[in-house]
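Asker: One structure, pasted below without further comment.
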Amino acid sequence: MRVLTSLADPRVGGPQLRSLAVAEGLRDRGVETVFHLPDGDDAFEAMATDAGFDVIRPGPPRLYPPRRVAANARFVAGLGPAVHRLASAIDRYGIDVVHAGMTLAVPAALAARRSGTPLAWFFNDTGTPWPLNRGVARLARATADELALAADAVQDHFFDGSVSTRTVYPPVDTAAFDPETEPDAGRSVRNELGVADDVPIVGTVANINPVKGYEYLLRAVARVRARVDSVVVPIVGKRLESRETYFDRLRSLRARLGLENTVRFLGHRSDVPRLLGAFDVFVLPSVREACPISVLEAMAMRTGIVATRVGGVPEQLDDGTHGWLVPPTDPDALATAILEALASPAERRRRGAAARSRAEAEFSVERCVDRHREFYEAARSERGSRSAEPVRAR
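12 is the number of the first residue of the sequence shown in my numbering; add one for each residue after it.
What follows is the structure in structure tokens.
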């Protein structure tokens, strides 16, 4: 089987890393993947080509939320030619299934319909704004042979339970994210950051984006600082060019709260397992999510987890069993959970061990790869069940 995976964003993030991990696993099972990306950042293209995958570019410009009028005008202007090019590439590569790998992979859906190729559409967010979310959902109902979600929580944001879908959770590489392979992480990271052995490290891993709720983390850290002698908070994540204003606001807030020596913006890092291995507590303060890979990575590393109860996070871990869950946009609740986790090393270890076991059982790469293959096979076998489409000519 040969699959075209089309991503609506060329930057490196959770959906891109998930797609690459799945493609590598599928290759071992005889399924070839070709990637399709829109114009923009080249980082993921480099990762995919280095891993031995073909990448089709250029696609059209990215599709943005409705408020980005000028950018979306460029998308509309380039859509027709992009669909034509992609449909031709589908035939040229002999693609058996088109995988619209992100919610806004609209050109892939249209190209699949034009070429008569089965379409498997994956919805991976809870942030696409109205009315764009409903418009994309209508297009999916009309064109997709099979629909999948990154978490059950995604269903209501797009479909209100009105269509049949399957849930395919993203994976975590439990071999790469294994605390047994990073036994000296704590010492080396503390040396790098200049952190004493008795100072707790409360960190997070996520791109600098308003949906990650970093302002609530900073306010929570100020409350934590009032209760403990010292704490260091590394924030590991890429600064996105489109979010520089938000980053500036975070730096200003950090200064107002007197946290310049506490909160460290480390930028993008390639040694995330090592960093997670040094964290006493991992925090995800997001205001919305689908199924964040960073939580799965922290689970795999047996790190104590404090996260907001948003999107699919409660599907990943249970409060009290695998970590601490708190309401979003609530710095007081976030601080209380962090303090409880810091005060209870034995409880952190207990919940961390349970989280690792759950990650191995439910979110392994192998399990996710199997689910994706089932997803693609269903799109092929159920072709025509949603709408009458032309028989593909070879």
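Using N, Cα and C, we set each Cβ at its ideal position, and we do this for glycine too. Every value quoted in this text rests on a predicted model; they were computed, and no experiment measured them.
I'd like the list of long-range same chain contacts for residue 183, defined as Cβ closer than 8 Å, with 5 residues on each side in sequence excluded.
Answerer: For the purposes of this step, residue 183 is taken as residue 172 along the sequence shown, with counting starting at 1. Correct list, in chain order: 304, 307, 308, 310, 311, 370, 374, 375 and 376.
Asker: Extract the residue ranges of the beta strand (DSSP E) inside the stretch 216-273, only unbroken runs of 3 or more that lie entirely within it.
Answerer: List check, beta strand (DSSP E) in window: 244-247.
Asker: One question on the structure: do residue 132 and residue 111 come within less than 7 Å of each other, judged by their Cβ atoms?
Answerer: In the sequence shown, counting from the first residue as 1, residue 132 sits at position 121. In the sequence shown, counting from the first residue as 1, residue 111 sits at position 100. Closer than 7 Å, so yes.
Asker: In whole angstroms, what is the alpha-carbon distance linking residue 261 and residue 226?
Answerer: Taking the sequence shown and counting its residues from 1, one reaches residue 261 at position 250. Taking the sequence shown and counting its residues from 1, one reaches residue 226 at position 215. Roughly 6 Å between the two C-alpha positions.
Asker: List the residues that DSSP assigns as beta-bridge partners of residue 295.
Answerer: Within the sequence shown, residue 295 is the residue found at index 284, counting from 1. The partner list for residue 295 (beta bridge, DSSP) reads 318.
Asker: In three-state DSSP terms, what is residue 65?
Answerer: Position 54 of the sequence shown holds residue 65. Of the three classes helix, strand and coil, the one that applies to residue 65 here is strand, per DSSP.
Asker: What is the DSSP secondary structure of residue 330, counted as helix, strand or coil?
Answerer: Taking the sequence shown and counting its residues from 1, the one referred to as residue 330 is at position 319. Residue 330: strand per DSSP, three-state reduction.
Asker: Taking the beta strand (DSSP E) that residue 111 falls in, what are its first and last residues?
Answerer: Residue mapping note: residue 111 aligns to position 100 of the sequence shown, counting from 1. Run containing residue 111: 108-111, per the beta strand (DSSP E) assignment.
Asker: For residue 47, tell me which candidate among 30, 35, 39 and 41 has the shortest Cα-Cα distance.
Answerer: Translated into the one-based positions of the sequence shown, residue 47 becomes position 36. Of the candidates 30, 35, 39 and 41, the one whose C-alpha sits nearest the C-alpha of residue 47 is 30.
Asker: Name the residue from 37, 50, 42 and 44 whose alpha carbon lies nearest to the alpha carbon of residue 20.
Answerer: Translated into the one-based positions of the sequence shown, residue 20 becomes position 9. Per the Cα distances, 50.
Asker: Tell me whether residue 279 sits in a helix, a strand or coil according to DSSP, three-state version.
Answerer: Walking along the sequence shown from the start, residue 279 turns up at place 268. Three-state DSSP puts residue 279 in coil, outside helix and strand.
Asker: Helix, strand or coil: which one does DSSP assign to residue 55?
Answerer: Within the sequence shown, residue 55 is the residue found at index 44, counting from 1. In the structure shown, residue 55 sits in a helix (DSSP, three-state: H, G or I).
Asker: Can you give the Cα-Cα distance for residue 235 and residue 362, rounded to whole angstroms?
Answerer: To locate residue 235, count along the sequence shown from 1; it is residue 224. To locate residue 362, count along the sequence shown from 1; it is residue 351. About 21 Å.
Asker: Could you work out which residue in 264, 163 and 215 is closest to residue 324 when comparing CA atoms only?
Answerer: Translated into positions along the sequence shown, residue 324 becomes position 313. The shortest C-alpha separation from residue 324 is found at 163.
Asker: In this structure, does DSSP put residue 43 in helix, strand or coil?
Answerer: For the purposes of this step, residue 43 is identified with residue 32 of the sequence shown, where counting begins at 1. Residue 43 falls in the strand class under three-state DSSP.
Asker: To the nearest angstrom, how far is it from the Cα of residue 8 to the Cα of residue 319?
Answerer: This structure cannot settle anything about residue 8, because the visible part of the chain is limited to 12 through 405.
Asker: Between which two residues does the alpha helix (DSSP H) holding residue 97 run?
Answerer: Looking up residue 97 in the sequence shown gives position 86. Here the alpha helix (DSSP H) through residue 97 covers 80-104.
Asker: Rounded to the nearest angstrom, how far is the Cβ of residue 214 from that of residue 245, given a contact under 8 Å?
Answerer: Against the sequence shown, residue 214 aligns to sequence position 203. Against the sequence shown, residue 245 aligns to sequence position 234. Confirmed, about 4 Å.
Asker: Going by other Cβ atoms of all chains shown within 10 Å of its Cβ, with 16 needed for buried, is residue 144 buried or exposed?
Answerer: As a first step, residue 144 is located in the sequence shown; it is residue number 133 there, counting from the start. By the neighbour-count rule (16 or more Cβ atoms within 10 Å), residue 144 is buried.
Asker: So is residue 338 buried or exposed if we call it buried at 16+ other beta carbons inside 10 Å?
Answerer: Taking the sequence shown and counting its residues from 1, one reaches residue 338 at position 327. So residue 338 ends up on the exposed side.
Asker: Under 7 Å, do residue 292 and residue 274 count as touching if we go by C-beta distance?
Answerer: Numbered from its first residue, the sequence shown carries residue 292 at position 281. Numbered from its first residue, the sequence shown carries residue 274 at position 263. No; because the gap between Cβ atoms is not below 7 Å, this pair is not in contact.
Asker: Which residues in the same chain have their Cβ closer than 6 Å to the Cβ of residue 139, if we skip the five residues on either side of it in sequence?
Answerer: Residue numbering aside, residue 139 sits at position 128 when the sequence shown is read from its first letter. Cβ neighbours of residue 139 beyond the five flanking positions: 114.
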